[in-house]
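Under the working numbering, the first residue of the sequence shown is numbered 3, with each subsequent residue one higher.
Only one structure is covered here, and it is reproduced in the block below.
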Amino acid sequence: METLAPDRDLIRQAPKVVLHDHLDGGLRPTTVVELADLTGYRDL
Numbered sequence: 003m004e005t006l007a008p009d010r011d012l013i014r015q016a017p018k019v020v021l022h023d024h025l026d027g028g029l030r031p032t033t034v035v036e037l038a039d040l041t042g043y044r045d046l
C-alpha cells in the first residue's frame, strides 16, 4: 500500500486545534505555570 504525503494547500486548509480549549480544565494550574516558565512566557 502506497502512502502519499498531504500537500501544503491541504494542510493549510485543514481545521486547526484551538489550544486554549484543550488547556481549559485539562491541566493543573501549576502545570500551566511550569510550562509557561519553561517556554519563557511571562504574561501570566
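From the three backbone atoms N, C-alpha and C, an ideal C-beta is built for every residue, glycine too.
Exercise for review: Classify P31 as helix, strand or coil using the three-state DSSP reduction.
Suggested key: For the purposes of this step, residue 31 is taken as the residue at position 29 of the sequence shown. Correct three-state label for P31: helix.
Point to revise | Backbone CA spacing between D26 and I13 [nearest angstrom] | key: As a position in the sequence shown, residue 26 is number 24, starting the count at 1. As a position in the sequence shown, residue 13 is number 11, starting the count at 1. Rounded to whole angstroms, D26 to I13 spans 26 Å at the Cα level.
Check your understanding: Who are the Cβ neighbours of Y43 in its own chain at under 6 Å, not counting the five residues just before and after it?
Key -> Numbered from its first residue, the sequence shown carries residue 43 at position 41. Answer for Y43: no residue qualifies.
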